[in-house]
Amino acid sequence: LAAEELPTFLHALDTYNGDAATRLGLRLLILTLARTSEVREAKWAEFDREEGMWTIPGERMKNRREHRVPLSQQALATLEELHKVSGHSQWLMPGRLEDKPASQNTMIFAVYRMGFHKRTTVHGFRALASTILNEAVAEVDGKKRRMWSVDAVERALAHTEQNKVKGAYDRGDRFEERTRMMQWWADYLDSVVKASAAAR
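Its first residue numbered 1043, the sequence shown is counted upward by one per residue in the working numbering.
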C-alpha cells in the first residue's frame, strides 16, 4: 500500500459493512503489525487484556519463537469490540464451522471488496508500517533523531535476526520501546484518519 492511499484505505475499513469480525480483525492486524495468519488463527486465550499483551505461541510464528505483542489503547478497544462479536468462540475470527478459524482468504477478499483489488496485499501494511516507523524522527536538542531503533521495528515485525552471533547474544525483545512505539503507531493512524476527515 502506498502511503498516500493509507487515509483512503482506513476510511474504507471504518465504513466496511461486511463481516464485523473480519473488519475488526483487519484493524487489529494493522494496529499490531501481525501477519495475516497470526490474527486469523488467534485464540482469545492468547490475550491478556489487563496487561495489554498478546502472546503468540512459537508454533504459530514464522520463526517458531514465541512473540509478545504490546497492545495500544486502540488495539485494546478493538479487542473489546471484537469480543462482543466473537467472544463466544475460542477464535478471534471464527470460521463458518465454529471449531475452525476464518478461512485463509477472508481478509484479502475483504480488502478487495473495499475497492483495493491489485492495489495492496494484507502483507503490504507491514511494509508500509516499517517504512513509516523507520523514518519517524523527533527533534532532540535541536537535532533530528530517529524515534525508534531499527531493532525495535524489526522485533515488532517479528523478523528473525540474520546475524547469528548478534542473535545469540541479544535475547531482549525491546518490549518497553515497542510498547511506546505501538502506541505512537496507533496514534499516528488516528491522526491520518482525522486529517483525512477534515479534508473531505
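We put the beta carbon where it would ideally sit given N, CA and C, even for glycine.
From a predicted model like this one, the values you see are computed outputs, not experimental measurements.
Nearest residue (CA-CA) to residue i, options the options
i: Gly1137; options: Leu1055, Ala1062, Thr1050; result: Ala1062
i: Ala1044; options: Phe1167, Arg1187, Asp1193; result: Phe1167
i: Val1127; options: Leu1199, Gly1067, Asp1232, Ala1200; result: Gly1067
i: Thr1057; options: Glu1046, Val1235, Ala1241; result: Val1235
Sequence-distant residues of its chain with Cβ nearer than 8 Å to residue i (five each side left out)
i: Ser1238; result: Pro1049, Thr1050, Leu1052, His1053
i: Gly1060; result: Ala1152, Arg1155
i: Glu1181; result: Arg1187
i: Leu1070; result: Ala1076, Val1081, Ala1117, Thr1120, Leu1121, Leu1124, Leu1134
i: Val1192; result: Asn1176
i: Glu1140; result: Ser1131
DSSP bridge partner residues for residue i (one or two, in chain order)
i: Phe1017; result: The structure shown does not extend to residue 1017, since the chain spans only 1043 to 1242, so no value can be given for it.
i: Val1182; result: Lys1185
i: His1109; result: Ile1098
i: Trp1133; result: Lys1085
i: Pro1143; result: Pro1136
Three-state secondary structure (DSSP) of residue i
i: Trp1190; result: coil
i: Arg1222; result: helix
i: Gly1209; result: With a pLDDT of only 44 at Gly1209, under the threshold of 50, the placement of this residue in the model should not be trusted; the figure read from the coordinates follows. The answer is helix: DSSP assigns Gly1209 an H, G or I state.
i: Arg1138; result: coil
i: Met1103; result: coil
i: Lys1236; result: helix
i: Val1164; result: coil
i: Thr1064; result: helix
Other residues of its chain near residue i: CB distance less than 7 Å, five sequence neighbours each side excluded
i: Arg1197; result: Asp1215, Arg1216, Arg1220
i: Arg1011; result: The displayed coordinates of the chain run from 1043 to 1242. Any statement about residue 1011 would go beyond what the structure contains.
i: Pro1143; result: Arg1082, Glu1083, Trp1133, Met1135, Pro1136, Gly1137
i: Pro1112; result: Gly1094, Met1095, Phe1217, Arg1220, Thr1221, Met1224
Spatial neighbours of residue i in its chain, beta-carbon cut-off 6 Å, leaving aside the 5 residues before and after
i: Thr1064; result: Thr1148, Ala1152
i: Phe1158; result: none
i: Thr1097; result: Glu1088, Arg1110
i: Leu1170; result: Leu1043
- Query: Touch check for the segment 1102–1116 and the segment 1078–1088: three-plus C-beta pairs under 8 Å?
  - Reply: yes
- May I ask you to verify whether the segment 1061–1077 touches the segment 1225–1234, counting CB pairs closer than 8 Å and requiring at least 3? yes
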